[in-house]
Amino acid sequence: MRIFKQGLLSLFISLKLFFYLSYPLLQALCLLGFSVGLLMTISPSLAQGYSEEVMVLFSLTSLYLFLLKQYYTHVIAWADQRSSNVITVNFK
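Numbering of the sequence shown is given in UniProt numbering, commencing with residue 1 and proceeding in unit increments.
What follows is the structure, encoded as structure tokens:
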């Protein structure tokens, strides 16, 4: 479990720049994908059957990214094995 926590801590520390640079763009991409899925539901094409899967896929991806950002500091605090686990992360 200790090795898992060390790996998770190093992964999440390196993901800090992801939230500054790529997170808003990926959320916008998920919104675009969801809207394409919504447009597929009203189109009279053969792709109409896949519209629900597209909307669910992009909705779940957006939810995953949101939850990852919300619980980012909690996971870092849990995975930190130092005696004074004080890690501050600002997303502003």
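The beta carbon of each residue, even a glycine, is placed where N, CA and C say it ideally should be. Remember, it's a predicted structure, so these values are computed and weren't measured experimentally.
query                                                                                                                  : result
M40 and V56 closer than 8 angstroms at C-beta                                                                          : no
Secondary structure of P44, DSSP reduced to three states                                                               : coil
K71 (DSSP reduced to helix, strand or coil)                                                                            : Correcting the residue identity first, residue 71 is Tyr in this sequence and not Lys. Three-state result, Y71: coil.
Close-in-space but distant-in-sequence residues of the same chain around L8 (CB under 8 angstroms, 5 per side omitted) : V75 and A79
Supposed contact pair Y20 and L65 - C-beta distance, whole angstroms, cut 8 angstroms                                  : In fact, because the Cβ distance is near 14 angstroms, the residues do not count as touching under 8 angstroms.
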